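Chains as they are written, first to last, in this note's numbering: chain V, 17 to 160; chain W, 17 to 160; chain X, 17 to 160; chain B, 17 to 160.
Think of the CB as a built atom: it goes at the ideal place given N, C-alpha and C, for glycine as much as any other residue.
Everything numeric in this text was worked out from a predicted model, so none of it was measured.
Structure record follows, encoded as structure tokens.
4 protein chains.
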Amino acid sequence: MLHTPYRRVVNYYETDMMGWVHHSNYIRYFEEARVANLDEMGAGQAKLETFGIISPVTDFSCVNIKPTRFAQELIIECRLTKYNGVRICFEYEVLDATTGELCATGKSSHCFLNTNNNHKPTALQKSVPEAHEAVLSYMEKMGI
Amino acid sequence: MLHTPYRRVVNYYETDMMGWVHHSNYIRYFEEARVANLDEMGAGQAKLETFGIISPVTDFSCVNIKPTRFAQELIIECRLTKYNGVRICFEYEVLDATTGELCATGKSSHCFLNTNNNHKPTALQKSVPEAHEAVLSYMEKMGI
Amino acid sequence: MLHTPYRRVVNYYETDMMGWVHHSNYIRYFEEARVANLDEMGAGQAKLETFGIISPVTDFSCVNIKPTRFAQELIIECRLTKYNGVRICFEYEVLDATTGELCATGKSSHCFLNTNNNHKPTALQKSVPEAHEAVLSYMEKMGI
Amino acid sequence: MLHTPYRRVVNYYETDMMGWVHHSNYIRYFEEARVANLDEMGAGQAKLETFGIISPVTDFSCVNIKPTRFAQELIIECRLTKYNGVRICFEYEVLDATTGELCATGKSSHCFLNTNNNHKPTALQKSVPEAHEAVLSYMEKMGI
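Have a look at this one:
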């Protein structure tokens with residue numbers, strides 16, 4: 017199994033006056049898990065940016081199922097669902113690390129832009145071939 | 017016209033290393049506009065919470081169309097789209113305040129929970145009748 | 017009077033589970049007020065950055081006097097206290113906009129770095145003379 | 017040695033358009049390290065709050081020494097410096113986890129308030145005696 021589950025504990029400053037994690041933070045948790053996942057597959061954001069390639073979010077969504085709380089340990093599962101060279105999509109699950117209970121789900125899509133070429137869209141295969149290969153190889157291993 | 021457009025300037029701390037607003041902040045901008053909108057219609061969150069009623073987000077989504085930048089003035093349009101007493105839904109548009117250009121769109125859905133009754137779902141009509149009436153009256157005026 | 021007080025309402029997402037504004041947000045409020053203040057004096061951050069000059073915070077502090085709450089309207093007073101060409105210092109007061117009650121105070125210091133010269137420290141007089149003049153002129157008017 | 021160093025990687029959303037961590041986030045890193053430290057000594061925030069005791073920040077400060085970046089692994093050292101039963105103080109160091117280089121330092125002070133008694137100040141010895149003992153025992157072990 018290539019993919020290590022991403023674990024993190026809820027911080028105090030991520031709660032709001034309802035006493036739960038503010039929903040906007042799930043989008044940040046998704047990013048953390050995606051960054052870890054891409055790193056692990058060899059197509060990390062830090063690496064891409066050394067080639068001037070950024071991969072901004074084009075759309076995202078989240079469904080809240082059960083509130084999460086300060087000091088709760090969470091697992092954020094991040095699964096690559098689609099990749100066609102110019103666009104990459106992920107799905108997420110936020111789980112209680114102890115009980116396995118599902119707390120939230122989400123999705124995000126990303127394009128690739130070349131900051132050295134006026135932020136125009138680019139194909140990863142052309143701009144960072146080794147990252148492209150890493151993604152394809154990961155998809156094959158994972159049966160995606 | 018009942019609804020005043022919600023204006024706000026992008027803060028420095030809301031940008032990320034891409035040089036644009038981090039996408040998670042749009043969810044916070046949506047909240048700001050929704051809070052202002054609900055206040056204006058007489059069903060504000062501060063008021064609801066004096067009755068022990070909270071209205072957490074059950075799901076939300078966002079589509080990024082054009083990056084926004086530090087010091088850019090934005091208008092965040094928030095439109096109530098559905099309300100059935102136990103659930104309320106909104107749509108959002110983030111526009112450049114100068115050019116009117118569309119930068120992002122979004123949606124959110126919310127339920128009502130009674131913190132004085134074990135956080136169980138509640139109908140607004142029952143728990144805060146005047147807020148329920150205010151929403152209905154707003155919908156009628158706006159032709160929703 | 018040159019300086020317009022900076023007003024802003026506390027957002028829901030800025031509260032934490034204590035029910036008050038999370039203290040880290042005051043540092044962000046200070047930044048908002050400072051940005052507005054520098055803009056008004058003609059030495060705005062957006063302008064500086066067109067010359068490749070950034071002014072990162074070198075140190076900052078905050079004293080919390082009275083908790084602030086969701087939907088509370090605040091005035092954040094920002095006063096330039098020192099400027100010697102290579103360093104600029106500010107003091108802040110967070111006040112309830114209705115009662116004038118003092119809720120927090122703070123300080124920050126900033127240097128100037130030239131992103132076109134390996135992020136080396138720079139004198140504003142040399143790198144953006146008109147901003148330097150604007151600051152001096154402001155200090156004279158304000159009797160600093 | 018009682019105290020495990022607190023490690024964490026810089027998140028993308030914590031950077032700003034300068035390309036570095038936004039300074040306000042250090043206050044959040046301090047909190048994360050303090051929460052871990054208090055947990056380890058048996059006087060954790062989660063525990064205190066079960067007794068209705070909160071420990072808000074009364075003042076804090078930070079000195080930035082060297083910018084930190086996305087994906088950088090940091091150690092945040094948190095040291096209890098003073099405790100007199102009604103007030104607790106900490107100092108912090110943010111270090112690069114690889115090189116040990118010092119990136120920032122900070123301080124914070126906290127009081128104890130009883131949410132079951134109108135948020136009045138309280139002595140920890142009276143409100144949560146076992147947490148008081150845990151802090152004293154920790155101070156003895158650490159030679160503070």
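Pairing W/Phe-106 with W/Leu-96 gives a Cβ-Cβ distance under 8 Å. Using a Cβ-Cβ cut-off of 8 Å, V/Val-51 counts as an interface residue toward chain B, since at least one Cβ of chain B sits closer than that to its own.
Beta-bridge partners of W/Arg-24 (DSSP): W/Leu-90.
Straight-line spacing of the CA atoms in W/Ala-52 and X/Ile-92 works out to 21 Å. W/Pro-72 has a beta carbon lying within less than 8 Å of a beta carbon in chain V. Counting only the Cα atoms, W/Glu-89 lies some 28 Å from V/Tyr-45. Leaving aside the five residues that flank W/Thr-31 on each side, the residues in its chain whose CB is nearer than 8 Å to its CB run, in chain order, Val-37, His-38, Arg-85, Phe-86. Per the coordinates, the alpha-carbon of B/Asp-75 lies some 20 Å from the alpha-carbon of B/Ala-59.
Among the residues of chain X, those whose CB is under 7 Å from the CB of V/Ser-40 are Tyr-29, following chain order. For the options B/Asn-100, B/Thr-66, B/Thr-121, the alpha carbon positioned closest to that of B/Glu-109 is the one of B/Thr-121.
Inter-residue distance for W/Ser-71 and V/Asn-41 is about 17 Å (C-alpha atoms, whole angstroms).
Secondary-structure assignment with DSSP links W/Pro-137 through a beta bridge to W/Leu-129. Contact of V/Arg-44 with chain B by beta-carbon distance below 8 Å involves Asn-27, Tyr-29. Ranking B/Lys-63, B/His-126, B/His-135, B/Ala-113 by CA distance to the CA of B/Pro-145 puts B/Lys-63 first. Put simply, the backbone Cα of W/Ala-147 is about 11 Å away from that of W/Ile-69. Each of W/Ala-113, W/Thr-115, W/Thr-114, W/Phe-67 was checked against the Cα of W/Lys-142, and the nearest Cα belongs to W/Phe-67. Shown here for X/Val-25: same chain residues with a beta carbon closer than 6 Å to its own, the five before and five after excluded, namely Glu-89 in chain order. Judged by DSSP secondary structure, V/Ser-77 falls within the beta strand (DSSP E) whose first and last residues are 73 to 80. In the assembly as shown, W/Arg-23 is an exposed residue. Its beta-carbon has fewer than 16 other beta-carbons within 10 Å. Its chain contains Ile-91, Glu-93 as the residues whose beta carbon lies nearer than 7 Å to that of W/Pro-21, once the 5 sequence neighbours on both sides are disregarded; these appear in chain order. Contacts between B/Asn-80 and chain X, judged by CB atoms closer than 8 Å, involve Pro-72, Val-73, Thr-74, Asp-75 in chain order. A straight line joining the alpha-carbon of B/Ile-43 with that of B/Met-34 spans about 18 Å.
The C-alpha of X/Asp-55 is placed about 7 Å away from the C-alpha of X/Gln-61. Rounded to the nearest angstrom, the gap between the Cα atoms of W/Asn-133 and B/Tyr-29 is 37 Å.
It is roughly 9 Å from the alpha-carbon of W/Ala-139 to the alpha-carbon of W/Asn-130. In its chain, beyond the 5 residues on either side, Cys-127, Phe-128, Pro-137, Thr-138, Ala-139, Leu-140 have a beta carbon closer than 8 Å to the beta carbon of V/Val-102. Residue-level contact by beta carbon holds for W/Gln-61 and chain X, with a gap shorter than 8 Å.
Rounded to whole angstroms, the gap between the alpha carbons of W/Asn-100 and V/Ala-150 is 48 Å. The straight-line gap separating the alpha-carbon atoms of V/Glu-47 and X/Ser-77 is approximately 30 Å. With contacts defined as CB atoms closer than 8 Å, B/Cys-119 and B/Ile-160 fail to qualify as a contacting pair.
Using beta-carbon distances, W/Glu-149 does not count as an interface residue toward chain X, since no partner is under 8 Å. The continuous stretches of alpha helix (DSSP H) do not include V/Val-102, and DSSP gives it neither H nor E.
Residues of chain W with a Cβ closer than 7 Å to the Cβ of X/Glu-48 are, in chain order, Asn-27.
Taking 8 Å as the cut-off, the beta carbon of W/Val-73 is found closer than this to the beta carbon of W/Ser-124.
Excluding its 5 nearest sequence neighbours in each direction, V/Leu-111 has C-beta neighbours in its own chain below 7 Å: Leu-90, Ile-91, Glu-93, Glu-117, Leu-118, Cys-119, listed in chain order.
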